[in-house]
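Only one structure is covered here, and it is reproduced in the block below.
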Ligand code: NAD
Ligand code: TDX
C-alpha cells in the first residue's frame, strides 16, 4: 500500500510515520509537508534513508503541485495531518487556519477524487464538539454529538470535517474521519501545554497557567492515537467518524504540578496568567465505537506516558532547544509578555 501522509514533519504525523514503517514494512510512505514553524525535517532523520520512505516539501494549498504529485505517485491512501494546530495562534491570526485547514483539505480531496484513492482519512479533533460543562461529569462527546465550536482553530477543523462528509455523500469519495482528544508524547512542539511546562520548568522559568487552571483535557499518548488511525485505515468503515480517547481527564493545574513533582521543581514557579479567550472548559471523549468495532484500546497509562515524555524531553534537549531559540521566541514574548512572565 502506498500511503501519502501530509503534515508528517509535525508532532503526530511524524509519530504516525514511525509507527507505520515499523508495523507495516511492506507499505511505503510519501510524506508531504511545507515545513511551517511546527514542521521539523530533523524529526524525520531516522527514516529519511529508508527505501520505503520519501519526503516532498510542498504546501497542501498548492493545487497544481498537489495534482502533479498525485499524477506522479498515485497513492492508494491519503492521511491528512497537515494543519495549523495551535488554538492560541488561531485567536491571534485566524486566516492561515482557514486556508490550510479548510482550503488545503479541499485540494487534497479533489486530488484524491481525481486519482481514485481508495481511502482519504481526515485527522480531526475532539475540539469540533465544543466543550462540556464542568458540573456534568456524566456527559461525553459521541460521534453524533453536534459540532459546536469555540475557537477559529476548532471552527476550521469542523468546517473541514463537514466538507469531508460532503465529498463522501456527493462524490462517493471513500473517506473516514477520526476525532482524537489531546495528545502528548515525543516531538510535540513546545508551544503546547505539556512540552512548554517541561521546557520552562527545566529552565526554572515561570509556568504560565491560564486562569485558575481548572479546565479539563482528556490526554492520550500519541502512539495510541497512531494505532487507532492505523486500525481505521485497515478495518474502519467508509463514511464513518471514529472518536479516539483514553478516558484520562485531568485538570491543567494538576498536570503542571505533576511535571513539577517529576522534575523536582517548586510549585512557586506556577503563574496564573490571563485566561485564553473563549477557553473551552472540559473535553471528554467516549471511545466506545472504535473499541466495539475495531477492538481499539490504549496501551499507555498516563502515569507511564508522562514519565516517558519527560524523559524524552530530557534526552532530546537539542531537538527542542533549537526550536525555542529562533522565531518561536518572538511568539513567546507576544503571548506571554516582553521578557516572559513575571
Ligand atoms: P503540528 O502543528 O505539530 O504539525 C502540523 C504539521 O503540518 C507541521 O509539520 C506543518 O509543517 C504541517 N503543515 C502545516 N500547514 C501545512 C500546509 N499548508 N501544507 C503542508 N504542510 C503543512 O500538529 P499536530 O499536533 O501533529 O496535529 C496533527 C493533526 O492532528 C492536526 O490536523 C490536528 O488538528 C490534529 N489533532 C491534534 C491533536 C493534538 O493534541 N496535538 C489532537 C487531535 C487532533
Ligand atoms: O501556556 C499555556 N497555559 C495553559 O494553561 C498553554 C499553552 C495552555 N494552557 C491550557 C489551555 C488548555 O486548557 O492548557 C490546556 C491545553 O492547551 P494546549 O496544549 O494549547 O491544547 P488545546 O488547546 O487543548 O488543544 C490541543 O488539543 C486538541 C491541540 O493543540 C489541538 O491541536 C488539538 O486539536
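Residue numbers (this note's numbering): 10 to 351. From the three backbone atoms N, C-alpha and C, an ideal C-beta is built for every residue, glycine too.
Item: Residues that residue 174 bridges to, as DSSP identifies them; Value: Paired residues: none, contrary to the question.
Item: beta-carbon residue 70 near the ligand NAD non-hydrogen atom, thresh 7 Å; Value: yes
Item: Other residues of its chain near residue 168: CB distance less than 7 Å, five sequence neighbours each side excluded; Value: 111
Item: Rounded Cβ spacing between residue 299 and residue 251 (contact assumed at less than 8 Å); Value: 5 Å
Item: DSSP three-state assignment for residue 110, whether helix, strand or coil; Value: helix
Item: Candidates 159, 328, 235 and 155, of which the one nearest residue 100 by Cα; Value: 159
Item: Sequence ranges, alpha helix (DSSP H) only - wholly within the region 157–245, length at least 4; Value: 161–180, 202–211 and 231–244
Item: Sequence-distant residues of its chain with Cβ nearer than 6 Å to residue 195 (five each side left out); Value: 321
Item: Distance CB(residue 359)-CB(residue 106) smaller than 8 Å; Value: What the structure shows of the chain is the stretch from 10 to 351, and residue 359 is not part of that stretch, so it cannot be assessed.
Item: C-alpha distance - residue 351 paired with residue 24, whole-angstrom precision; Value: Below a pLDDT of 50, predicted positions are generally treated as unreliable, and residue 351, at 47, falls in that range; the measurement from the model is reported next regardless. Whole-angstrom Cα-Cα distance: 35 Å.
Item: Closer than 7 Å: residue 254 CB and nearest the ligand TDX heavy atom; Value: no
Item: Same chain only: Cβ atoms within 8 Å of residue 271, ignoring 5 sequence neighbours per side; Value: 315, 316 and 319
Item: N-terminal and C-terminal residue of the beta strand (DSSP E) that residue 253 is part of; Value: 250–253
Item: Residue 40 - containing beta strand (DSSP E), residue span; Value: 37–42
Item: C-alpha distance - residue 147 paired with residue 254, whole-angstrom precision; Value: 16 Å
Item: Residue closest to residue 26, alpha-carbon to alpha-carbon, out of 181, 120, 234 and 176; Value: 234
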